[in-house]
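Here the structure is laid out as structure tokens; the discussion comes afterwards.
Residue numbers (UniProt numbering): 1 to 109.
And the structure:
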């Protein structure tokens, strides 16, 4: 479930709003995405994955708000951790060469 939009990290690009299938975000007067419909979050992680500044935190196992703060998420190094676990790196090209399936197919040729 989406828990945090970091005001300090967010560049107000609106990618999270556009990518969210459940439309959980609105914007405040300053253009910051706000979590308006948290209960509608499907925990798909798309907002966290596509955020260019790692400004979002989605709690893996949450049936409701966890009460975690942006400072706690920052301190624990959790911003962008899901994208990193998937192999998404900011500013790096590709990554298919690291896919084990890709290496198996290359060895067969």
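Cβ atoms here follow ideal geometry from the backbone N, Cα and C, with glycine treated the same way.
Quick caveat, the model's predicted, so the values are computed rather than measured.
For residue 17, there is no enclosing beta strand (DSSP E); the residue is found in the alpha helix (DSSP H) stretching over 15 to 19. Judged by their CB atoms, residue 80 and residue 54 are nearer to each other than the 9 Å cut-off. Annotated three-state conformation of residue 58 is strand, per DSSP. DSSP, read as helix, strand or coil, puts residue 40 in helix. Taking 9 Å as the cut-off, the Cβ atoms of residue 58 and residue 1 count as close.
Rounded to whole angstroms, the Cβ separation of residue 47 and residue 16 is 4 Å, and the two are in contact under 8 Å. According to DSSP, residue pairing for residue 34 in a beta bridge involves 26.
Under the criterion of beta carbons closer than 8 Å, residue 40 and residue 34 do not qualify as touching, at roughly 14 Å. Assignment of residue 11 by DSSP, reduced to helix, strand and coil, places it in the coil class. In this structure, residue 8 lies away from residue 83, with their beta-carbon atoms at least 9 Å apart. Residue 78 is classed as buried because its beta carbon has at least 16 other beta carbons within 10 Å across all chains shown.
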